[in-house]
Structure formats: C-alpha cells, structure tokens
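Chemist: Chains as they are written, first to last, in this note's numbering: chain A, 1 to 445; chain B, 446 to 890. Backbone N, C-alpha and C fix where the C-beta goes; we use that ideal spot for every residue, glycine too.
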C-alpha cells in the first residue's frame with residue numbers, strides 16, 4: 001500500500017507544512033534542495049529524468065573515457081538521507097502562478113514556493129533540423145549518441161574500400177569553439193592519435209582530421225586572450241585544425257558548409273550554443289534572446305514573489321552589469337541562495353534579503369593530456385599545472401565517494417595507458433549513424 | 446591513406462597466407478582467434494557489434510549493479526596485441542560454401558577456413574510479438590532495456606495515485622526458471638527489498654511482488670534436484686513467488702496469462718528460451734528444433750570440411766549421447782578446439798583430429814546475497830561457500846584487469862551498502878515503457 005495512504009495531490013494538503021516544489025534536478029535544483037535542509041518544509045523535486053548528471057565531464061563519456069554511470073546518479077539517491085524530500089520522475093508541463101499549481105501528466109501539484117531550475121538545452125539558432133546531423137552534448141543520452149557516431153566512423157573506416165570515403169569517414173567536425181568544443185576536439189584527437197591506432201589494421205586512426213569551427217575571431221572567447229592563444233597552440237600541436245572567423249551556413253547529413261566551403265565528415269558535433277529551456281511562457285513572461293527569464297536581484301520573478309528562477313534559466317546581472325555566466329558554479333550558487341532565502345522567509349524574517357551576488361569560482365577547460373587552462377580571478381594557469389588543478393577540482397566535485405574513486409582510478413589508468421575503457425557502441429540510442437531516425441533527446445536542465 | 450593501400454576484398458589475395466574468417470566475437474569466436482595465435486594465417490573477425498560481452502553478468506547490468514562498460518569491451522581491444530587479426534564491425538549476411546565467400550553489406554570476403562560462432566538469441570516459441578512486452582537478456586542493449594523498465598516501474602509507483610495501479614506497477618514477472626530467470630528474480634528482489642526502500646517516500650519498494658513462472662515441475666531443471674530445492678527455498682525467503690507447472694499462454698503489454706490466470710505487471714521479463722541464430726540456412730542445412738546446426742565430431746559441417754560451427758550454434762553430442770550444453774564454457778572449449786584443429790591442418794598434419802570432448806567445468810548460478818549454487822562434477826555447493834566460489838570465478842574470467850578491479854570494487858561496495866551504482870534510466874533504448882515502439886535488438890552471438 002502507499003505509505004500512510006498518502007496521494008500525490010492530497011499529501012501536501014494533509015500536512016500543514018509549507019510545500020516547496022523544485023522543477024529540475026540539475027546543479028541548481030539540487031543545491032536549492034540541499035540548502036533547504038532543516039527548513040521544516042516539504043520539498044518535491046520534479047524531473048523528467050531519474051538522474052542528476054555531472055555535465056562538465058560529459059565529454060569524457062562521449063569519448064569513451066568514462067562510463068555513463070561514473071557521472072550520473074539517481075536524484076533520489078543523492079537525496080536519500082532527506083526524509084523531507086520527495087523525488088518524482090515527472091515532467092512539469094505548465095505552471096499556473098495565480099493558482100500556485102504545477103501541471104504534470106499525472107495531475108496538478110500545488111506549491112507555496114516554486115523554484116524553476118530547468119536549465120538550458122542546445123540552440124541551433126533556428127535550424128532545429130541540424131540537431132539530427134550534429135548532436136550536441138547536454139545529457140547522458142547525448143554523450144552515448146556522440147560516442148556511437150565517433151567510434152562507428154572509425155569502425156566504418158576499417159571496413160572501407162574507397163579512399164575518398166575513407167578520408168571522409170575520418171573527418172570530424174566540431175562546431176563551436178567554446179569550452180565544450182575545445183574539450184571535445186582535444187579528446188577526439190587523443191582517441192585518434194593515441195587510443196585507437198594499435199587496434200586497427202587497415203585504417204590508420206591517425207589519418208583522422210579533426211576540424212574545430214568557430215564563428216568568432218578566437219576560440220574560448222570567455223577566457224583571457226593569452227589562454228585562448230595557449231589553447232590554440234596546444235590544439236594545433238595535437239593535430240586539430242582550428243578555423244576561426246568561420247560561421248556555419250548549413251549542416252546536412254555528413255556535410256557542413258562554413259565560410260562558403262563544404263566539408264564532408266564522418267561525424268559532426270554541435271557545441272555552438274545553448275538556449276534556455278522553454279519555461280518563460282509558463283510564467284507568461286518574455287525570455288531574453290536565448291530564452292532566459294530576467295529575475296529580480298533576489299532571483300524571484302517580477303509579479304510572482306513566490307517563484308524563483310535559478311541556474312542557466314535565470315538572467316541576472318552582476319554588480320558591474322554583466323550577466324552572470326551560465327556555469328555549474330553559478331547554478332549552484334543561485335540554488336543555494338534561493339534555498340536560504342526561502343528558509344529565511346519561512347522563519348518569518350521580514351527584512352528583504354541581500355541581493356544575489358555571483359562569486360567567481362574560476363573557469364577551467366581541459367584541452368588534452370597535461371594541458372588545461374584555468375582562470376581564477378587574476379590567476380591564470382596553463383599546462384600541467386592547470387591540468388592537475390582541473391583534475392583535482394573535478395574529482396572533488398563529483399558527488400559520491402564511490403564515483404570519485406572510480407573516476408580517479410579510470411583517469412590514472414587512462415593516463416598511464418591511453419586506454420579508454422568505455423568504448424562500446426550501443427545499438428539503439430545512436431540508432432542513427434547518418435540517417436538518424438529521431439532527434440537526440442534534449443534535456444531540460 | 447589506407448595502410449599499404451590494402452583493400453577489403455583484395456588484401457587477403459595479395460597476401461599468400463591462408464585466410465580464416467570468424468563470424469561472431471562472442472566466447473567461441475574469441476577463443477578460436479586466441480587458439481589460432483602463431484598459426485601464420487590471416488584472421489578476420491566479423492561482428493555486427495563492436496564489443497564482446499561477458500554475458501553471465503548481464504543480469505547485474507540489468508539490475509543496476511554494474512555499468513555496461515564493466516562487462517563489455519571492444520573486440521578489437523581484446524585482440525589489440527594480435528597483428529594477424531583484423532576486426533570488422535560488419536554483419537555476415539550469407540555464406541557461399543561452394544565459392545568459399547562470406548557476403549556482407551560491404552562486399553564478399555573470401556575464406557580458406559570459416560568458423561561460424563553467431564550464438565543464440567531469445568526464443569519466444571513462435572510468438573515473436575511477445576518480445577516487445579517481455580524483453581530477454583542477451584546483449585548489453587537488452588540489459589539497458591530491462592534496467593530502464595524495472596526502475597521506471599518504481600518511479601511510476603512513486604508518482605502513482607491509484608492503489609490498483611500502484612500494485613500493478615510493482616508487480617514484476619519473470620518468465621522462465623532457468624539460471625537467467627533465477628538470477629534476475631533474485632537480483633530484482635534485492636533491489637526492491639534492500640537497495641531502494643530508503644530512497645522512496647510515497648511508494649514502498651518492498652511492496653513489490655516478484656513472480657517467477659516456470660512451465661516445468663521445478664526451477665533450474667539442469668541442476669540436481671537438491672540444488673533446485675535449495676534455490677527455491679532461498680528465493681521464497683527473499684519474497685519471490687515461484688510458480689512451477691505454470692506455462693505462459695499469452696503475453697501482452699503489462700499482462701501475462703499463465704495457467705489460465707491473468708497477472709498484470711509493471712514489467713515483464715523473458716528468460717524462457719533461446720534459439721540459435723539463423724545461420725543454418727546459410728549452409729543449406731536443416732537446423733534442429735532450436736535452429737542449431739548438427740556438426741561432425743570434429744565440429745565441421747558435413748559436406749563442408751572447411752567450415753566449423755562452434756558455441757551455442759553447434760549441436761554436438763557428448764560421449765554419452767547427450768548434447769553438449771549451451772554454456773560459456775562449452776563455447777570457449779569449442780572455439781579453442783577449432784583453432785587448434787585448423788592450426789594442425791595448416792601445418793599439414795593428415796591424421797584426423799581427436800573428436801571434440803566437452804569437459805564439464807561446472808555450472809553456477811547466484812540467487813542473491815550470500816547464496817549461489819554450484820555444480821562441479823559430483824561437487825555441489827550452496828550458500829555462502831557457493832556464493833564466494835561464484836564471485837571468484839566470475840571476477841577471474843572477466844577479460845581485462847581494469848574491469849576485474851572495478852567489478853570487484855563494485856561488488857565489495859554493493860555488498861557492504863546494498864547500493865547499486867548504475868541505476869540511471871536512459872531515455873532512448875528502453876524507449877519503451879509499455880508501448881515499446883521497436884523490438885529490442887537481438888544479438889547474433
């Protein structure tokens with residue numbers, strides 16, 4: 001029987017405690033739930049997926065270094081010690097701020113406070129059809145799709161009898177020179193130059209061309225120029241062709257037209273842009289250009305003082321007027337801030353809260369073996385030092401001890417041997433070598 | 446460029462060395478390739494999948510204890526030190542024994558010796574439509590489908606508001622009381638009783654009903670009666686309802702009719718039968734009732750002295766006339782025997798080989814924590830001793846060191862905590878909660 005015979009729609013009415021609904025179990029949603037510990041409220045986390053995913057390491061799954069389960073855990077596992085938190089694998093379909101209800105497939109859920117943390121998804125700048133030909137990297141499923149296409153191209157090259165087709169199969173295009181594009185390009189270069197060669201007999205994986213396309217004047221535009229230049233040098237040494245000032249005009253199956261030139265490819269990956277998940281219309285507000293919801297300095301939605309928007313979905317400005325960047329760190333900070341604000345309001349504090357202030361925790365991107373860039377305030381690290389810093393930080397932030405150990409072990413093993421242990425191609429999800437039947441699923445995180 | 450400008454169809458003609466084609470990279474195919482080391486021949490392994498899978502542990506992936514990549518490795522990785530072995534991710538479509546060619550999508554491949562090791566797949570006894578409603582467990586993809594359906598049923602129960610629907614969601618039916626069915630039922634019982642309860646708030650996973658249906662008079666019919674009885678007792682203690690003499694009449698979405706009674710379920714799994722992969726018609730021979738090819742005592746196909754059939758696909762009798770069982774151990778033994786036979790023929794030995802003799806290496810099945818049964822000749826083990834024996838044997842046989850370590854670590858961790866670390870639900874492959882759009886892919890191993 002259902003425990004205490006409670007029902008989805010009645011339970012919170014039975015209890016007199018305030019109800020807080022969190023939509024989205026990503027960094028922001030989890031941080032909010034954690035900050036609400038001891039609040040006395042009942043907390044409900046809704047997510048269409050059963051798992052929280054450590055997105056900064058997705059590119060390692062996409063290139064076969066880590067297993068999906070090394071970087072993803074059931075949300076309810078993360079929250080297992082919190083009797084006040086209920087996790088429901090349900091997608092929010094709509095919000096009614098006037099009646100204070102969230103609509104799901106299984107009925108309406110009332111709230112006293114609502115935290116919307118549905119994150120962002122790929123943006124193809126209006127060309128949604130490109131998604132099929134150039135999958136992006138936002139979810140575990142995306143990573144499996146990319147891994148499948150990448151490895152399958154090498155497999156097909158091994159069986160290939162036509163030299164032109166062979167070269168095409170071994171051409172990989174990454175669109176977008178931000179951190180994800182750089183990390184993906186670097187990892188693919190390592191797979192091609194180091195991991196695979198000893199295992200192929202007819203094809204030579206070192207023949208792979210890895211092309212990174214960036215529309216702007218330099219890669220990693222959010223980093224200081226010195227670090228961009230360093231990254232460019234390292235990538236070039238690794239054999240990645242970096243083409244800046246090269247805007248993509250068309251993406252079709254196995255072909256990209258950029259700067260008026262066509263390039264044929266064995267696989268194409270998208271790292272060029274994200275847009276907020278479509279939550280703005282739930283609240284009847286207009287999102288900004290990328291769909292983000294402009295929030296007040298206390299992260300509430302104007303006119304809806306009980307609705308908070310946090311993470312990638314929130315548009316809020318720093319003291320200097322620049323928008324807070326869409327990072328894991330800022331998402332966590334917003335979640336934590338919101339949890340604490342609500343806790344204060346529940347205690348009856350009347351004073352308006354201090355406005356949200358983003359604290360720069362630095363930004364990091366790894367390029368390859370022994371090479372990463374780190375910007376932390378005025379500190380700029382590159383090379384081995386940056387890479388060690390990056391490794392320690394990432395292992396540290398992985399949620400549970402077991403994964404930390406496994407990931408650390410996988411990395412040590414991979415470092416010593418260049419081996420990547422998670423290189424299986426799954427039949428279904430990539431389904432989809434070239435003539436993908438179905439778009440890769442998009443996340444709402 | 447293609448190394449040495451060799452082409453798929455020409456390479457083996459250029460080389461004067463004999464060509465051995467192995468179809469299938471399962472236990473039998475890999476063992477054959479390993480036994481052919483130093484033969485001087487050129488060996489080609491064809492498989493539609495890129496990976497070799499350690500099938501005996503698939504049920505652990507299906508129940509969230511291990512990651513897919515803990516038990517599967519690229520075939521070319523397994524063969525990485527063998528310069529004489531080329532692995533092509535290509536499915537064999539036909540064999541022409543008169544012209545000694547294998548047909549693939551990418552052209553014909555000539556052979557001097559052919560080893561067919563395409564294994565077996567699920568048998569639904571003529572009811573192929575049941576596959577959609579009751580997936581079986583033969584491949585990594587199957588395991589992901591089963592894991593998704595199992596975990597999703599608990600997720601849906603947590604959000605469920607209707608008591609009847611709740612009980613239905615938490616009813617799991619396993620059809621078939623052989624080793625796979627028993628292992629699956631035992632593992633599902635542990636997931637429901639031990640792993641999940643602390644993480645659910647509305648549903649109580651301990652409410653799960655786990656029903657194991659067996660058409661015959663007892664479970665584990667291939668084991669001595671004493672061990673069957675022991676397994677039955679342990680399963681019953683774990684809360685598994687075992688129903689013998691219960692033949693399944695119909696399987697529909699979320700419902701099974703067996704022994705004239707209908708049972709509704711949140712998920713249904715198939716462990717009732719296997720049939721050989723459809724290779725018999727390639728050779729123009731009639732398979733036996735389950736599609737196996739009857740081979741001569743030296744494992745060659747009558748009238749095709751250069752074609753060997755090994756593993757689950759081969760029907761060959763033991764000295765006492767009983768057919769050799771379809772096990773990993775027998776597949777490996779047949780592969781090894783065949784590799785050695787061909788090596789001898791390549792050296793020009795004229796003497797007919799000793800006939801293949803199956804050596805019983807024992808059979809093992811685990812039922813749950815601290816409980817396994819082992820039959821090894823006259824030795825019969827149960828309980829903790831059996832379970833320890835089972836654990837050591839399985840970890841030992843896992844192919845590579847890294848996986849051995851990881852699997853051992855995962856088990857130790859799971860044993861101590863009941864935690865199962867690989868419990869993510871993937872969006873695509875299970876695609877497929879109840880209204881599956883597509884049959885789970887079947888393997889050819």
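What residue ranges within the region 516-563 of chain B form continuous alpha helix (DSSP H) runs of no fewer than 4 residues, ordered along the chain?
Modeler: Whole alpha helix (DSSP H) segments, 4+ residues: 520-523.
Chemist: Work out the CA separation of residue 469/B and residue 535/B for me, nearest whole Å.
Modeler: About 10 angstroms.
Chemist: Check the Cβ of residue 552/B against every Cβ in chain A and list those closer than 8 angstroms, keeping chain order.
Modeler: Result: 161.
Chemist: Count the other CB atoms, across all protein chains shown, that sit within 10 Å of the CB of residue 797/B; report buried if there are 16 or more and exposed otherwise.
Modeler: Exposed, because fewer than 16 other Cβ atoms sit within 10 Å of the Cβ of residue 797/B.
Chemist: So what's residue 323/A in DSSP terms, helix, strand or just coil?
Modeler: If DSSP states are grouped into helix, strand and coil, residue 323/A belongs with the strands.
Chemist: Would the beta-carbon of residue 305/A be found less than 7 angstroms away from any heavy atom of the ligand COA?
Modeler: By its list of ligands, the structure shown contains no ligand whatsoever, and the ligand COA lies outside what it can speak to.
Chemist: If you measure from the beta carbon of residue 585/B to each beta carbon in chain A, is any gap under 8 angstroms?
Modeler: It does: the Cβ of residue 585/B has a partner Cβ on chain A nearer than 8 angstroms.
Chemist: Based on DSSP bridge pairs, tell me the residues matched to residue 715/B.
Modeler: Residue 715/B pairs with 620/B.
Chemist: Determine whether the Cβ of residue 510/B lies closer than 8 angstroms to any Cβ atom of chain A.
Modeler: It does not; no Cβ of chain A falls within 8 angstroms.
Chemist: Within 10 Å of its beta-carbon, does residue 495/B have 16 or more other beta-carbons around it, so buried, or fewer, so exposed?
Modeler: It counts as buried.
Chemist: Closer than 8 angstroms, CB to CB, is residue 815/B near chain A or not?
Modeler: No, no contact with chain A.
Chemist: Please state the DSSP three-state secondary structure of residue 463/B.
Modeler: It is coil, neither helix nor strand.
Chemist: With burial defined as no fewer than 16 other Cβ atoms inside 10 Å of the residue's Cβ, what is the status of residue 445/A: buried or exposed?
Modeler: For residue 445/A, the predicted model reports a pLDDT of 32, less than 50, meaning its position is unreliable; a value from the coordinates is still stated below. Buried is the call here.
Chemist: Which residues share a DSSP beta bridge with residue 706/B?
Modeler: For residue 706/B, which the question treats as bridged, DSSP gives the partners 703/B.
Chemist: Within 8 angstroms of any Cβ in chain A, is that where the Cβ of residue 556/B sits?
Modeler: Chain A, which has no Cβ nearer than 8 angstroms to the Cβ of residue 556/B, makes this no.
Chemist: May I ask you to report which of helix, strand or coil DSSP gives residue 225/A?
Modeler: Residue state, collapsed to three classes: helix.
Chemist: If we define contact as Cβ-Cβ less than 8 angstroms, is residue 514/B a contact residue for chain A?
Modeler: Residue 514/B counts as touching chain A.
Chemist: Hey, quick one: how far does the alpha helix (DSSP H) through residue 158/A stretch, first residue to last?
Modeler: Segment 140-159, the alpha helix (DSSP H) holding residue 158/A.
Chemist: Does the distance from the C-beta atom of residue 679/B to that of residue 664/B stay below 8 angstroms?
Modeler: Going by C-beta atoms, residue 679/B is not nearer than 8 angstroms to residue 664/B.
Chemist: Could you tell me the boundaries of the beta strand (DSSP E) in which residue 489/B lies?
Modeler: It spans 487-491 - the beta strand (DSSP E) in which residue 489/B sits, taken as one unbroken run.
Chemist: I'd like the list of long-range same chain contacts for residue 739/B, defined as Cβ closer than 6 angstroms, with 5 residues on each side in sequence excluded.
Modeler: The answer, listed in chain order, is 760.
Chemist: Whose C-alpha, out of 475/B, 778/B, 609/B, is nearest the C-alpha of residue 518/B?
Modeler: Checked all of 475/B, 778/B, 609/B; the closest Cα to residue 518/B is 475/B.
Chemist: Mind checking residue 841/B: buried by the 16 CB within 10 Å criterion, or exposed?
Modeler: Exposed, by the Cβ-count rule.
Chemist: With a Cβ-Cβ cutoff of 8 angstroms, do residue 835/B and residue 540/B count as a contact?
Modeler: Cβ distance not < 8 angstroms, so residue 835/B and residue 540/B don't count as in contact.
Chemist: So, for residue 692/B: in the same chain, excluding its five sequence neighbours on each side, which residues have a beta-carbon less than 7 angstroms away from its beta-carbon?
Modeler: Around residue 692/B: 660, 703, 704.
Chemist: Thinking C-alpha only, which one of 382/A, 378/A, 355/A is nearest residue 366/A?
Modeler: Comparing Cα-Cα distances from residue 366/A to each of 382/A, 378/A, 355/A, the minimum goes to 382/A.
Chemist: How is the beta strand (DSSP E) around residue 811/B delimited, first residue to last?
Modeler: 808-813 is the span of the beta strand (DSSP E), which, as asked, contains residue 811/B.
Chemist: Could you tell me the distance, in whole angstroms, from the CA atom of residue 816/B to the CA atom of residue 681/B?
Modeler: Roughly 13 angstroms separates the two Cα atoms.
Chemist: So residue 170/A and residue 129/A are in contact, right, with Cβ under 8 angstroms, and what is the actual spacing, rounded?
Modeler: That belief does not hold up - the Cβ atoms of residue 170/A and residue 129/A are roughly 25 angstroms apart, past 8 angstroms.
Chemist: If the cut-off is 8 angstroms on Cβ atoms, which residues from the region 634-648 of chain B count as contacting chain A, listed in chain order?
Modeler: The region 634-648 of chain B vs chain A, Cβ under 8 angstroms: 643, 644, 645, 646, 647, 648.
Chemist: Can you give me the C-alpha to C-alpha distance between residue 275/A and residue 180/A, rounded to a whole angstrom?
Modeler: Taking the straight line from one Cα to the other gives about 15 angstroms.
Chemist: Helix, strand or coil: how does DSSP classify residue 636/B here?
Modeler: If DSSP states are grouped into helix, strand and coil, residue 636/B belongs with the helices.
Chemist: Identify each residue in the region 681-703 of chain B for which the Cβ-Cβ distance to at least one residue of chain A is less than 9 angstroms, and report them in chain order.
Modeler: The region 681-703 of chain B vs chain A, Cβ under 9 angstroms: nothing.
Chemist: How do the region 335-354 of chain A and the region 144-154 of chain A stand: do at least 3 beta-carbon pairs fall below 8 angstroms, yes or no?
Modeler: No: the two stretches stay apart, fewer than three of their Cβ pairs being nearer than 8 angstroms.
Chemist: Under DSSP, the alpha helix (DSSP H) around residue 838/B begins and ends at which residues?
Modeler: Unbroken alpha helix (DSSP H) run through residue 838/B: 828-842.
Chemist: Nearest-angstrom Cα distance between residue 802/B and residue 822/B?
Modeler: Their backbone Cα atoms lie some 15 angstroms apart in a straight line.
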